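Numbering (the UniProt record's numbering), first residue to last: 1 to 274. Below is one structure, written out as structure tokens; comments come after it.
Written as structure tokens, this is what we have:
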């Protein structure tokens, strides 16, 4: 807010700056629903989110076989050496990270995993647990929230984090209104239950949030563990595939960008002199 006062021909300004000092983990689910117009109920359910239909690739496809093999090898090692304990968030992080490291492997030249990245938005600031970013544009593709319990609180945090991630400044020479930078995904998990979220900027100032329901589940002591884990991997890879479409559009626009008039003049001059 800016207020101006004129006194004795002197222009004085009073500037109030609203800083995003509130940590994401202080947001409750009812407050987040109220903030984004999802619900004004004092005890809202997760039904306030429209259903997110997350795609899933065929992980037996030749180009994803290495990722699937890495996932199975890593999970077998973790199950044998570090039994999952639902009471410790650190253990959950060890398991969940395995999925993202395996999923990003086929895209290792295009994306990277970043741990504890600090993001700031108009509604809060905090370090993400980890996220997947584009190497070419620097944008956040998918953020991950690891929870040991209280998934509603996890959805609240992830929702505000998604908004903040979508609003981050990217490299100026890689952006355009039509480049497809209007979408970001989130995952809330305790390494056993997996929820996928999507945030889309519909118009300026208007966001749409969706949640994949019901949760996908992986039982690590179960004989069918590999089938369950493979499905999670397929969904994560699908998100990365979708993100590459937007990045490809950016790269094509950069390549096709018309040459500046100064360059054209320079080339014309050189021809005239010859």
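Yeah, the Cβ is synthetic: ideal placement off N, Cα and C, and Gly gets one too. Keep in mind that this is a model prediction, so the values were computed, not measured.
Nearest to residue i by alpha carbon, out of the options?
i, options, result
"residue 194", "204, 155 and 74", "155"
"residue 112", "93, 140 and 94", "140"
"residue 215", "151, 165, 41 and 99", "151"
"residue 213", "81, 188, 160 and 202", "188"
"residue 91", "102, 99 and 78", "78"
"residue 114", "106, 160, 167 and 133", "133"
"residue 202", "149, 182 and 147", "182"
Compute the Euclidean distance between the alpha carbons of residue i and residue j, then round it to the nearest angstrom.
i, j, result
"residue 65", "residue 35", "43 Å"
"residue 242", "residue 185", "11 Å"
"residue 89", "residue 108", "27 Å"
"residue 143", "residue 196", "10 Å"
"residue 138", "residue 163", "16 Å"
"residue 27", "residue 70", "36 Å"
"residue 165", "residue 68", "28 Å"
"residue 350", "residue 100", "Absent from the model: residue 350. The displayed extent of the chain is 1 to 274, so no value can be given."
"residue 104", "residue 33", "32 Å"
"residue 204", "residue 160", "17 Å"
"residue 23", "residue 145", "14 Å"
"residue 93", "residue 218", "14 Å"
"residue 228", "residue 95", "14 Å"
"residue 126", "residue 80", "34 Å"
"residue 52", "residue 199", "10 Å"
"residue 122", "residue 82", "39 Å"
"residue 106", "residue 98", "14 Å"
"residue 147", "residue 73", "24 Å"
Can you tell me whether residue i is buried or exposed, with buried defined as 16 or more other CB within 10 angstroms of its CB?
i, result
"residue 209", "buried"
"residue 236", "buried"
"residue 191", "buried"
"residue 239", "buried"
"residue 128", "buried"
"residue 131", "buried"
"residue 75", "buried"
"residue 42", "exposed"
"residue 62", "exposed"
"residue 275", "Nothing can be reported for residue 275, as the shown portion of the chain is limited to 1 through 274."
"residue 50", "exposed"
- Pairing CB atoms from the region 222 to 236 with CB atoms from the region 112 to 126, are three or more of them under 8 Å? no
- Task: Give a yes or no on contact between the region 50 to 63 and the region 227 to 235, applying the rule of three or more CB pairs nearer than 8 Å.
- Result: With the cut-off at 8 Å, the region 50 to 63 and the region 227 to 235 touch.
- Starting from the N-terminal side, write out each stretch of the beta strand (DSSP E) that is 3 residues or longer and does not extend beyond the region 179 to 254. 183 to 189, 193 to 203 and 206 to 211
- Hey, which unbroken runs of the alpha helix (DSSP H) at 4 residues or more fall wholly within the region 41 to 109? Counting whole runs of 4 or more residues, the region 41 to 109 contains the alpha helix (DSSP H) stretches 65 to 81 and 89 to 104.
- What alpha helix (DSSP H) runs, 4 residues minimum, are completely inside the region 110 to 156? Entirely contained in the region 110 to 156, not one alpha helix (DSSP H) run reaches 4 residues.
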